[in-house]
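This report refers to the structure that appears directly beneath it.
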Amino acid sequence: MKGSNYHNLKELRPRGAAKNCRVLFIFDPRRQAILLVGGDKTGQWATWYRTAIPEAEQLYKDYLDELEALGLLDSDEQGR
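Quick note: the sequence shown uses UniProt numbering, first residue 1, plus one each step.
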């Protein structure tokens with residue numbers, strides 16, 4: 001996703017009535033899909049990504065740190 005520090009941060013765009021909803025997600029090093037941030041960007045076309053991407057990145061970093069602390073992930077697997 002443009003503007004992200006993680007090359008594999010992606011955006012899900014649901015079809016149907018929720019056409020302005022977005023969900024930012026990423027696949028972790030264990031190939032598990034992690035849903036990070038979701039929201040309706042109606043009326044926030046220019047600003048939604050500026051706030052959602054940093055929030056998603058911080059959540060993902062915290063998630064990776066927790067996996068590492070639990071011994072479920074080596075530090076070299078974090079993809080930073």
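C-beta: ideal position from N, C-alpha, C; glycine also.
How would you call E57, buried or exposed, if buried means at least 16 neighbouring beta carbons within 10 angstroms?
buried
Is it true that the stretch 16 to 25 meets the stretch 38 to 47, where meeting means three or more beta-carbon pairs spaced less than 8 Å apart?
yes
What residue from Y49, L9, T42 and E66 has the CA that sits closest to A18's CA?
T42
DSSP-derived helix/strand/coil call for A46:
coil
For G3, I'd like the list of residues in its chain whose CB is within less than 7 Å of its CB, leaving aside the five on either flank, ordered along the chain.
Y49 and I53
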